[in-house]
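Participant:
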Amino acid sequence: MSKELTDLSTHYGFGENWSAFVDQLNDTAIDEAVRGFRRLLTAEEIAGRHMLDLGCGSGLHSLAALRLGAGQVTAIDIDPVSVVTTQRLLGRLHPNGRWSVKALSVFETSRMPQYDVVYSWGVLHHTGDMIRAIKMAADRVAPRGLLCVALYRRTPSCWAWRIEKRIYTGSPQWVRRLIEAIYVAAFRLALALKRRSFGDYVDEYVRRRGMNWMTDVRDWLGGYPYESISKAEVVRLAGDLGFVPVRNFCGKQSLALLGSGCDEYVFRRA
Ligand SMILES: C[S@@+](CC[C@H](N)C(=O)[O-])C[C@H]1O[C@@H](n2cnc3c(N)ncnc32)[C@H](O)[C@@H]1O
14 MSKELTDLST HYGFGENWSA FVDQLNDTAI DEAVRGFRRL LTAEEIAGRH MLDLGCGSGL
74 HSLAALRLGA GQVTAIDIDP VSVVTTQRLL GRLHPNGRWS VKALSVFETS RMPQYDVVYS
134 WGVLHHTGDM IRAIKMAADR VAPRGLLCVA LYRRTPSCWA WRIEKRIYTG SPQWVRRLIE
194 AIYVAAFRLA LALKRRSFGD YVDEYVRRRG MNWMTDVRDW LGGYPYESIS KAEVVRLAGD
254 LGFVPVRNFC GKQSLALLGS GCDEYVFRRA
């Protein structure tokens, strides 16, 4: 395995960004995570199942799965801070559940068992080798099991964002704050051109998602390594790996000048 893929110094530290956020987590953020989870997987698809949360981050989706009746959750993340954050979250809000968390890269999962559901939200495009990461994730799905992934949508601006993220991740704090200030200024300008209030936007964001807007902005600006993929490519790759589409939620194509989003896919192993 190339060093780049396991060398955390070249990766953005998501865990650090979330560590403080998780202590202030409110019911709105948890409800929003549960709602997002329910949209992707039906009650029947998750109840009683053993799920692998691959790239668990804050642990919010592992918590949502447990709240929706998952029989067992195994959560892994390459970032030790994410691992501790997930342990803290589940230990506090689901202390008696059947779950375990460990520090592991997707590229080190070949000896793990197979799972009813492999869930990887917003992760595989941050590994440094997305296609191999998708294949490794797919390998962990049991026969007739589900592969549930969210991947950055391919847009015309992806190349520019890749450069920005690389600079941000390799920069000292003052440069990061400067990049954030430029982004926030551009965002405010875009809203002003649409005659919308920035304050109202941020308040609404927090009210609706229970997430701190700036935490999400830092995740976007820093999320490196970074790749993206079109729906056609994902469906073709999944087909080659022996999976059939169950459902997907794909956003509209845009220039993505202020950032893009993830497309969500559920496949079943044929
Ligand atoms: C954008 S976050 C998403 C976290 C979580 N799935 C969520 O939806 O909130 C990406 C996560 O992927 C993790 N990650 C990146 N590369 C990884 C790898 N090779 N193996 C496992 N996790 C990885 C990061 O540490 C980070 O926690």
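Using the numbering used here, you'd call the opening residue of the sequence shown number 14 and step up by one each time. Think of the CB as a built atom: it goes at the ideal place given N, C-alpha and C, for glycine as much as any other residue.
1. Would the stretch 93 to 113 count as touching the stretch 20 to 32 if we require 3 or more Cβ pairs under 8 angstroms?
2. Check whether the Cβ atoms of Tyr239 and Tyr165 lie closer than 9 angstroms to each other.
3. List the endpoints of the continuous beta strand (DSSP E) containing Ile89.
4. Which residue wins for smallest C-alpha separation from Leu76, given the options Arg111, Glu57 and Arg209?
5. Check the DSSP bridge columns for His63 and list the partner residues they point to.
6. Using 10 angstroms around the beta-carbon of Arg220, count the other beta-carbons present and answer buried if the total reaches 16, otherwise exposed.
7. If I'm right that Leu54 touches Val279 with Cβ under 8 angstroms, what's the distance once you round it to whole angstroms?
8. Cβ of Ser95 within 8 angstroms of any heavy atom in ligand 1?
9. Please list, in chain order, all residues with a C-beta atom less than 5 angstroms from at least one heavy atom of ligand 1.
10. Could you check if Ser241 is buried or exposed, using at least 16 other CB atoms within 10 Å of its CB as the buried criterion?
11. Three or more C-beta pairs closer than 8 angstroms, one from the stretch 260 to 275 and one from the stretch 158 to 175: is that the case here?
12. May I ask you to verify whether the stretch 261 to 269 touches the stretch 212 to 230, counting CB pairs closer than 8 angstroms and requiring at least 3?
13. Please report the residue range of the alpha helix (DSSP H) in which Leu54 lies.
14. Name the DSSP bridge partner or partners of Val130?
15. Counting along the chain, where does the beta strand (DSSP E) carrying Phe262 start and finish?
16. Counting along the chain, where does the beta strand (DSSP E) carrying Asp20 start and finish?
17. What residues in its chain sit with their C-beta under 8 angstroms from that of Ile59, if we drop five residues either side in the sequence?
18. Label Val257 either buried or exposed according to how many other C-beta atoms from any shown protein chain fall within 10 Å of its C-beta, with 16 as the threshold for buried.
19. Whole angstroms are fine: how far does the CA of Gly235 sit from the CA of Leu271?
20. Which residues does DSSP list as the beta-bridge partners of Asp276?
21. Compute the Euclidean distance between the alpha carbons of Arg189 and Leu202, then round it to the nearest angstrom.
22. Which value, in whole angstroms, describes the spacing of the CA atoms of Ile43 and Tyr25?
23. What residues match up with Trp112 in a beta bridge as DSSP calls it?
24. Taking only the alpha-carbon atoms, compute the straight-line gap between Ser113 and Tyr132 and give it to the nearest angstrom.
25. Counting along the chain, where does the alpha helix (DSSP H) carrying Cys171 start and finish?
26. Determine, using beta-carbon pairs with one atom in the stretch 116 to 126 and one in the stretch 140 to 156, whether at least three such pairs fall under 8 angstroms.
27. Can you list, in chain order, the residues of its chain with a C-beta nearer than 8 angstroms to that of Glu246? Leave out the 5 residues immediately preceding and following it.
28. Quick one, which of Asp20, Gly158, Arg48 and Arg175 has its alpha-carbon nearest Arg62's?
Facilitator: Taking the geometry as given:
1. Taking 8 angstroms as the limit for Cβ pairs, the verdict is that the stretch 20 to 32 does touch the stretch 93 to 113.
2. Pairing Tyr239 with Tyr165 gives a Cβ-Cβ distance under 9 angstroms.
3. It spans Gln85 to Asp90 - the beta strand (DSSP E) in which Ile89 sits, taken as one unbroken run.
4. Nearest to Leu76 by C-alpha distance, out of Arg111, Glu57 and Arg209, is Arg111.
5. Answer is Gln85.
6. The residue is exposed, with fewer than 16 neighbouring Cβ atoms inside 10 Å.
7. Contact between Leu54 and Val279 holds, with the beta-carbon distance rounding to 7 angstroms and staying under 8 angstroms.
8. For ligand 1, at least one heavy atom lies less than 8 angstroms from the Cβ of Ser95.
9. Ordered along the chain, the selected set is Phe27, Gly68, Gly70, Asp90, Ile91, Asp92, Ser95, Ser118, Val119, Trp134, Gly135, Val136, His139 and Thr140.
10. By the neighbour-count rule (16 or more Cβ atoms within 10 Å), Ser241 is buried.
11. Three or more Cβ pairs closer than 8 angstroms define a contact, and the stretch 260 to 275 meets that threshold against the stretch 158 to 175.
12. The stretch 261 to 269 is not in contact with the stretch 212 to 230.
13. Run containing Leu54: none; DSSP gives neither H nor E here.
14. Beta-bridge partners assigned by DSSP to Val130: Met64 and Leu159.
15. Residues Phe256 to Phe262.
16. For Asp20, there is no enclosing beta strand (DSSP E), since its DSSP letter is neither H nor E.
17. These residues qualify, in order along the chain: Phe50, Ala78, Leu81, Gly82, Ala83 and Val130.
18. Exposed, since its Cβ has fewer than 16 Cβ neighbours within 10 Å.
19. Approximately 14 angstroms between the Cα atoms of the pair.
20. Within the DSSP bridge table, the entry for Asp276 names Leu164 as partners.
21. Taking the straight line from one Cα to the other gives about 20 angstroms.
22. In this structure, the alpha-carbon of Ile43 lies about 24 angstroms from that of Tyr25.
23. The secondary-structure analysis by DSSP pairs Trp112 across a beta bridge with Val86.
24. Roughly 15 angstroms between the two C-alpha positions.
25. Unbroken alpha helix (DSSP H) run through Cys171: Cys171 to Thr182.
26. Contact between the stretch 116 to 126 and the stretch 140 to 156 is present, because at least three Cβ pairs lie under 8 angstroms.
27. Counting only Cβ-Cβ distances below 8 angstroms, and skipping sequence neighbours, we find Arg167.
28. The candidate whose alpha carbon is nearest that of Arg62 is Gly158.
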